[in-house]
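Report on the following structure.
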Amino acid sequence: MEVDVLLDNVKRKNPGELEFHQAVTEVVQHVAPFAARNPKYRKMAILERLVEPDRVVMFRVAWLDDNNNVQVNRGYRIQFNNAIGPYKGGLRFDGSVSLSILKFLAFEQIFKNSLTTLPMGGGKGGSDFSPKGKSDMEVMRFCQSFMTELARHIGANVDVPAGDIGVGAREVGYLFGQYKRLRNKFEGVLTGKGAEYGGSKIRPEATGYGAVYFAEEMLKRNNDGIEGKSATISGSGNVAQYAAEKLIQLGAKVLSLSDRQGTLYIPGGLTEEGLARVMQIKNEERAPLSVFCDSFEAEFREGQNPWSINCDMAYPCATQNELDENDARTLVENGCMLVSEGANMPSTPGAVEVFEGSKIMYAPGKAANAGGVAVSGLEMSQNSQRLSWDSEEVDRRLKKIMSDVHESCVEYGRENGHVNYVAGANIAGFVKVANAMLAYGVV
Ligand code: NDP
Numbered sequence: 002m003e004v005d006v007l008l009d010n011v012k013r014k015n016p017g018e019l020e021f022h023q024a025v026t027e028v029v030q031h032v033a034p035f036a037a038r039n040p041k042y043r044k045m046a047i048l049e050r051l052v053e054p055d056r057v058v059m060f061r062v063a064w065l066d067d068n069n070n071v072q073v074n075r076g077y078r079i080q081f082n083n084a085i086g087p088y089k090g091g092l093r094f095d096g097s098v099s100l101s102i103l104k105f106l107a108f109e110q111i112f113k114n115s116l117t118t119l120p121m122g123g124g125k126g127g128s129d130f131s132p133k134g135k136s137d138m139e140v141m142r143f144c145q146s147f148m149t150e151l152a153r154h155i156g157a158n159v160d161v162p163a164g165d166i167g168v169g170a171r172e173v174g175y176l177f178g179q180y181k182r183l184r185n186k187f188e189g190v191l192t193g194k195g196a197e198y199g200g201s202k203i204r205p206e207a208t209g210y211g212a213v214y215f216a217e218e219m220l221k222r223n224n225d226g227i228e229g230k231s232a233t234i235s236g237s238g239n240v241a242q243y244a245a246e247k248l249i250q251l252g253a254k255v256l257s258l259s260d261r262q263g264t265l266y267i268p269g270g271l272t273e274e275g276l277a278r279v280m281q282i283k284n285e286e287r288a289p290l291s292v293f294c295d296s297f298e299a300e301f302r303e304g305q306n307p308w309s310i311n312c313d314m315a316y317p318c319a320t321q322n323e324l325d326e327n328d329a330r331t332l333v334e335n336g337c338m339l340v341s342e343g344a345n346m347p348s349t350p351g352a353v354e355v356f357e358g359s360k361i362m363y364a365p366g367k368a369a370n371a372g373g374v375a376v377s378g379l380e381m382s383q384n385s386q387r388l389s390w391d392s393e394e395v396d397r398r399l400k401k402i403m404s405d406v407h408e409s410c411v412e413y414g415r416e417n418g419h420v421n422y423v424a425g426a427n428i429a430g431f432v433k434v435a436n437a438m439l440a441y442g443v444v
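Structure below.
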C-alpha cells in the first residue's frame, strides 16, 4: 500500500485523533521506504497491521472525594502490540488525557521498547483524572477504583504498566497494593515500585539519566563531551529532575527548568542544593516552581518556555508538542548543537524539520528516553528471579543499553556522513517487531 493511502486510512479510521496521526505519520514516513525495499513486509501487510492496536480497553472509574461526592473519570489501557513481549508502557493521570494521546504514546512505545533490545511489547494507559489539588486519600481511592477494573487486563506476563505524567511512587504504591489485594498475588505486574516491594534501583533516575547518556554518545561520536556545556531543560518532574542531576554530575551548567506556569531561569546554573529544593517543591510540597525564587537566585518567567535561552544543549522533558517550529529556529540560531528528548514527542513536526534541516544532533524521544522503560524491563527481570541488583549494576546496564540504542540508530540512520536519529530509531525499532510478526503469520 502507498504511504499516502495508508495515512489516509489511519486518519479516516481514527477521526480527530491528531496526536495519533502525528506519531504514525512520523514513523511511517521513515519506515515505509525501508519496508518497500523489503517485499516480505509489504506482502504480509506489516505496516497496515502495526497501526491497528491489538485492543483498546476503556472504562468508567467512579470514586468518592473527601466530601463524599461521587466523581466519575474515564480509564484506558491501550494494548498496542505484543509481538516481542508483554505489553509495557506507563499510565498517565492528567486532565488532558484522551484516547488520541494514549494511542500515540502506546504506538511510540512499540518502537522504543524494541530498541532497548529487551522483550517488551508496546502499551500505554491512564485516565483524565488529575492528582493535582487532590488529597492523598482521594488519590488512593481513585487508584483503587482504577485498578479494580484494570486488574482484569494486566499481569506479569500479559501487560506491565509503569508511571508517566501524574503517576509517581505514591500512585504506583496504591495501584500495586490494590492489585495484590484483588489477585492475592505478589507479582511484578507494575514497574516503578518502591524499593521495599520489588522496585529496581535507578528506576526513578533512569529516563533522565538515559537521555543524558544518549546525548553523551552523540557527542562522543563527534569527539566531544558534556563537561562545560550549558543546557536548558523543560519540565520539573521525574524526567527533568534526573536529567538535571546527571548533567550537573557530568559538569554541565543547567540553566532552566519549567512547569505549567512558566520557566525558571537560573543564569548561574542549578546547583545540587538547588536541585534538592526543586525535588522538595515538586515531590513533597507539590507546589509551583516559582517558589524556588524565594530562597535561590533565579528568575521566574511566567507563561514562557525555556527555548529562548541561549544554550549548547536542549532537553525537552515536559510533554508532547511543547517545542514548536519557531522555538526550534530560535534554538538553532542561538547555537544549540544538540537536542535530546526526555519527553515523548515534545517537538512538533515543524520543529523536527528544522532540527533535521540544520543537521544538529537531534535525538527523538523514542530513542533518547528509552532508559526509563529499559530499567523497567530490568525490574521485571529482577522480580521474576526474585533478586535485586545494586545501583552500580543497574546503572552499568542502563549505560550499556543507551549505548546500544545509539548504535542501532547510527546503523539505520546514516545519511551522507550525518546520522538521522529519527529515521534510525524508527527503522531499527521496526525491524525486530516486523520480523516477529512475520513469524506468527497473519494474526
Ligand atoms: P511528571 O508528572 O513527573 O512531570 C511532568 C512535568 O512536565 C511537570 O513539571 C509538569 O508541570 C510539566 N508539564 C506537564 N504537562 C505540561 C504542559 N502541558 N505544559 C507545560 N508543562 C507541563 O512526568 P514525567 O517527568 O514522568 O514525564 C515527562 C515526560 O517524559 C512525558 O512526556 C512522559 O511521557 C515522558 N517519559 C516519562 C518516562 C518516565 O519514566 N517517567 C519514561 C519515558 C518518557 P507541573 O509541575 O506544573 O505539573
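Take the sequence shown: its position 162, counted from the start at 1, is 163 in this note's numbering, and no numbers get skipped.
Using N, Cα and C, we set each Cβ at its ideal position, and we do this for glycine too.
Please read all numbers here as calculations on a predicted model, not as lab measurements.
Problem set entry | Nearest neighbour of residue 239, chosen from 413, 402 and 210 [CA to CA] | Counting from 1 along the sequence shown, the entry for residue 239 is found at position 238. With distances taken between Cα atoms, residue 239 lies closest to 210.
Exercise. For residue 3 versus residue 345, is the C-beta distance shorter than 8 Å?
Worked result: Along the sequence shown, read from residue 1 onward, the residue named residue 3 stands at position 2. Along the sequence shown, read from residue 1 onward, the residue named residue 345 stands at position 344. In terms of Cβ geometry, residue 3 and residue 345 do not form a close pair [threshold 8 Å].
Problem set entry | Where the alpha helix (DSSP H) through residue 328 begins and ends | What you label residue 328 is simply residue 327 of the sequence shown in a count that begins at 1. Its alpha helix (DSSP H) spans residues 326-334.
For this session: Specify whether the segment 21-36 and the segment 342-362 touch according to this definition: at least 3 beta carbon pairs, one from each stretch, less than 8 Å apart.
Result: In short, these stretches touch, since the Cβ pair count reaches three.
Exercise. Are the segment 119-131 and the segment 71-82 touching, with three or more C-beta to C-beta distances below 8 Å?
Worked result: yes
Exercise. So does residue 283 have its beta carbon nearer than 7 Å to some heavy atom of the ligand NDP?
Worked result: Here residue 283 is taken as the residue at index 282 of the sequence shown, counted from 1. Within the cutoff, so yes.
Exercise. Are the segment 178-194 and the segment 372-385 touching, with three or more C-beta to C-beta distances below 8 Å?
Worked result: yes
Exercise. Taking the continuous alpha helix (DSSP H) assigned at residue 422, which residues delimit it?
Worked result: One-based indexing of the sequence shown puts residue 422 at position 421. Note, residue 422: alpha helix (DSSP H), 422-441.
Exercise. Residue 209 by DSSP, collapsed to three states: which one?
Worked result: Position 208 of the sequence shown, counting from 1, holds the residue named residue 209. Note: residue 209 maps to helix in three-state DSSP.
For this session: Within 10 angstroms of the Cβ of residue 419, are there 16 or more other Cβ atoms? Answer buried if so, exposed if not.
Result: Locating residue 419 in the sequence shown gives position 418, where the first residue counts as 1. Around the beta carbon of residue 419, a 10 Å sphere encloses fewer than 16 other beta carbons of the protein chains shown; the residue is thus reported as exposed.
For this session: Please work out which residues of its chain come closer than 8 Å, Cβ to Cβ, to residue 62, disregarding the five sequence neighbours upstream and downstream, and give them in chain order.
Result: On the sequence shown, residue 62 is found 61 positions in, with the first residue counted as 1. Same-chain partners within the cutoff: 73, 74, 75, 76, 128, 130, 143, 146, 147 and 150.
For this session: State the Cα-Cα distance for the pair residue 256 and residue 319, rounded to the nearest angstrom.
Result: Taking the first residue of the sequence shown as position 1, residue 256 is located at position 255. Taking the first residue of the sequence shown as position 1, residue 319 is located at position 318. The alpha-carbon of residue 256 is positioned some 16 Å away from that of residue 319.
For this session: Compare the Cα-Cα distances from residue 262 to each of 48, 440, 65 and 306 and report the closest residue.
Result: Taking the first residue of the sequence shown as 1, we reach residue 262 at position 261. Residue 306 is the option with its Cα nearest to residue 262.
Problem set entry | Heavy atom of the ligand NDP within 7 Å of residue 260 beta-carbon | Residue 260 sits at position 259 when you count from the first residue of the sequence shown. Residue 260: yes, Cβ under 7 Å from the ligand NDP.
Problem set entry | Cross-strand partners of residue 82 (DSSP beta bridge) | Residue 82 sits at position 81 when you count from the first residue of the sequence shown. Its beta-bridge partners are 123.
For this session: Can you tell me which of the three DSSP states residue 148 falls into?
Result: Position 147 of the sequence shown holds residue 148. Residue state, collapsed to three classes: helix.
For this session: Mark residue 153 as exposed unless 16 or more other C-beta atoms lie within 10 angstroms of its C-beta, in which case mark it buried.
Result: As a position in the sequence shown, residue 153 is number 152, starting the count at 1. Answer is exposed; the Cβ neighbour count stays below 16.
For this session: Examine the ligand NDP and report whether any of its heavy atoms sits within less than 7 Å of the Cβ of residue 66.
Result: The residue labelled residue 66 in the question sits at position 65 within the sequence shown. Answer for residue 66: no, Cβ out of range of the ligand NDP.
Problem set entry | Local conformation of residue 271 per DSSP, three classes | Within the sequence shown, numbered from 1, the residue matching residue 271 stands at position 270. Here residue 271 sits in coil by DSSP.
For this session: Give me the Cα-Cα distance between residue 376 and residue 328, rounded to the nearest whole angstrom.
Result: For the purposes of this step, residue 376 is taken as the residue at position 375 of the sequence shown. For the purposes of this step, residue 328 is taken as the residue at position 327 of the sequence shown. Their backbone Cα atoms lie some 31 Å apart in a straight line.
Problem set entry | CA-to-CA distance, residue 49 to residue 444, given in whole angstroms | Taking the sequence shown and counting its residues from 1, one reaches residue 444 at position 443. Taking the sequence shown and counting its residues from 1, one reaches residue 49 at position 48. In this structure, the alpha-carbon of residue 444 lies about 12 Å from that of residue 49.
Problem set entry | Length of the line joining the Cα atoms of residue 317 and residue 365 | As a first step, residue 317 is located in the sequence shown; it is residue number 316 there, counting from the start. As a first step, residue 365 is located in the sequence shown; it is residue number 364 there, counting from the start. Answer to the nearest angstrom: the Cα atoms are 10 Å apart.
Exercise. Straight-line CA distance for residue 361 to residue 337?
Worked result: As a first step, residue 361 must be located in the sequence shown, where it is residue number 360. As a first step, residue 337 must be located in the sequence shown, where it is residue number 336. If you take the alpha carbons of residue 361 and residue 337, they lie about 8 Å apart.
Exercise. Would residue 272 be called buried (16 or more neighbouring beta carbons within 10 Å of its own) or exposed?
Worked result: Walking along the sequence shown from the start, residue 272 turns up at place 271. Counting Cβ neighbours within 10 Å, residue 272 comes out exposed, since fewer than 16 surround it.
Exercise. Along the chain, where does the alpha helix (DSSP H) that runs through residue 234 open and close?
Worked result: Your numbering for residue 234 matches position 233 in the sequence shown. From DSSP, residue 234 is part of no alpha helix (DSSP H) but of the beta strand (DSSP E) over 231-234.
Problem set entry | Start-end ranges of the beta strand (DSSP E) lying completely within the segment 21-72, minimum 3 residues | 56-65
Exercise. Roughly how many angstroms separate the alpha carbons of residue 274 and residue 208, rounded to a whole number?
Worked result: Stepping through the sequence shown from its first residue, residue 274 is reached at position 273. Stepping through the sequence shown from its first residue, residue 208 is reached at position 207. Cα-Cα distance, rounded: 21 Å.
Exercise. Using the rule of at least 16 other Cβ atoms within 10 Å of the residue's Cβ for burial, across every protein chain shown, is residue 221 buried or exposed?
Worked result: Position 220 of the sequence shown, counting from 1, holds the residue named residue 221. Exposed is the call here.
Exercise. Which whole-angstrom value describes the C-beta separation of residue 248 and residue 258, a residue pair presumed to lie in contact below a C-beta threshold of 8 Å?
Worked result: The sequence position of residue 248 within the sequence shown is 247, counting from 1. The sequence position of residue 258 within the sequence shown is 257, counting from 1. At roughly 11 Å, the Cβ-Cβ gap does not stay under 8 Å, so residue 248 and residue 258 are not in contact.
For this session: Hey, could you find the ends of the beta strand (DSSP E) residue 316 is sitting in?
Result: Here residue 316 refers to the residue found at position 315 when the sequence shown is read from its first residue. Run containing residue 316: 314-316, per the beta strand (DSSP E) assignment.
Exercise. By DSSP, does residue 74 sit in helix, in strand, or in coil?
Worked result: Against the sequence shown, residue 74 aligns to sequence position 73. Note: residue 74 maps to strand in three-state DSSP.
Exercise. Quick one: any contact between the segment 157-177 and the segment 86-95, if contact means 3 or more CB pairs under 8 Å?
Worked result: yes
For this session: Check whether the Cβ of residue 305 lies closer than 7 Å to any heavy atom of the ligand NDP, and answer yes or no.
Result: Along the sequence shown, read from residue 1 onward, the residue named residue 305 stands at position 304. Residue 305 Cβ: outside cutoff for every heavy atom of the ligand NDP.
Exercise. What is the DSSP secondary structure of residue 199, counted as helix, strand or coil?
Worked result: As a first step, residue 199 is located in the sequence shown; it is residue number 198 there, counting from the start. Residue 199 falls in the coil class under three-state DSSP.
Exercise. Can you find a heavy atom of the ligand NDP that lies under 7 Å from the Cβ of residue 370?
Worked result: As a first step, residue 370 is located in the sequence shown; it is residue number 369 there, counting from the start. Residue 370 Cβ: within cutoff of the ligand NDP.
Exercise. Count the other CB atoms within 10 Å of the CB of residue 363; is the residue buried (16 or more) or exposed (fewer)?
Worked result: Mapped onto the sequence shown, residue 363 falls at position 362. Buried: at least 16 other Cβ atoms inside 10 Å.
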